[in-house]
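Numbering (this note's numbering), first residue to last: 1034 to 1191.
Glycine residues also receive a C-beta, built at the ideal position from the N, C-alpha and C atoms.
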């Protein structure tokens, strides 16, 4: 099962390395990890996506709590949360496909961030499902390159 874990940590040199090393040393798979400052510049939020049963993820949560710079660890998987991912994708562009590609960009509420004579780069922001669907739909048009941010997530507001 996929788990979405939010970790508040002190914004210090080496913190990300300690978290990644903990996963590696214990054989836990890191599907994605995103990190950035919070509203307090001394604190960063890591959003980690991993897979495993509840027992394995329970071990992950305990290990994360033991790390020196950890402030708070939350498994958001079964809690109300907002989750987003950024996709940047460059595709082939031709006169024959141009109209269809622009229509699909609008359907996915994407943005054109670069366009050349033979290629187009788009940005799509949404849930991981939306990002996966976008990739699947655009694949027949010839994806040249893509980059995904990995998930970022927070609790839903009150």
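Buried/exposed call for residue i, threshold 16 Cβ in 10 Å
i: residue 1034; result: exposed
i: residue 1143; result: buried
i: residue 1173; result: exposed
i: residue 1118; result: buried
i: residue 1160; result: exposed
i: residue 1176; result: exposed
i: residue 1039; result: buried
i: residue 1140; result: exposed
i: residue 1184; result: buried
Assumed close pair residue i, residue j - CB separation to whole angstroms, cut-off 8 Å
i: residue 1041; j: residue 1080; result: The Cβ separation is near 11 Å, so there is no contact.
i: residue 1124; j: residue 1153; result: 6 Å
i: residue 1057; j: residue 1069; result: With 8 Å as the limit, residue 1057 and residue 1069 do not qualify as a contact, their Cβ atoms being about 22 Å apart.
i: residue 1186; j: residue 1116; result: 4 Å
Strand pairing of residue i, partner residues [DSSP]
i: residue 1080; result: 1039 and 1067
i: residue 1198; result: Residue coverage of the chain in this structure runs from 1034 to 1191, which leaves residue 1198 outside it and unanswerable.
i: residue 1089; result: The partner list for residue 1089 (beta bridge, DSSP) is empty, contrary to what the question assumes.
For the segment 1098–1173, list the beta strand (DSSP E) runs that are entirely contained and at least 3 residues long, ordered along the chain. Counting only runs of 3 or more, we get 1103–1108, 1114–1125, 1144–1148 and 1152–1159.
Under 8 Å: do the segment 1133–1150 and the segment 1096–1110 share three or more Cβ pairs, one atom per stretch? In short, these stretches do not touch, since the Cβ pair count stays below three.
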